[in-house]
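Before any comments, here is the structure.
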């Protein structure tokens, strides 16, 4: 597959944007654009934030927060799994060490 970018049209808050993107990444770009459009529409419909730029910044902050929370949860889960694995190794090692 070629990494040569092609132009993809995405629509966010009723505005069209042309984005250079490798062909193999186009579906991911379109999913990201749909996700951003959804989040921006949610913020706009709340009536608390006005102006496309402010809506975009709030959507970016919300998406980034969710991503960082997921990463933090992932790190915490990984630490917990490592600790559990270590305890299992210790527990499984004890019976074989006590046998004569």
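In the numbering used here, the protein residues as written are 2 to 101. Beta carbons: idealized from backbone N, C-alpha and C, even for Gly. Please read all numbers here as calculations on a predicted model, not as lab measurements.
Asked	Found
Start and end residues, alpha helix (DSSP H) containing residue 43	27 to 47
Alpha carbon of residue 48 to alpha carbon of residue 83, nearest angstrom	45 Å
Backbone secondary structure at residue 7 - three-state DSSP	strand
DSSP-derived helix/strand/coil call for residue 69	helix
Residue 19, enclosing beta strand (DSSP E) - first and last residue	16 to 23
Given residue 27 as reference, the closest of 13, 4, 41, 44 once Cα atoms are compared	4
Distance between residue 16 and residue 9 (C-alpha atoms, nearest Å)	14 Å
Residue from 62, 67, 52, 13 whose Cα sits closest to the Cα of residue 105	Because the chain here runs from 2 to 101, residue 105 falls outside it and cannot be looked at.
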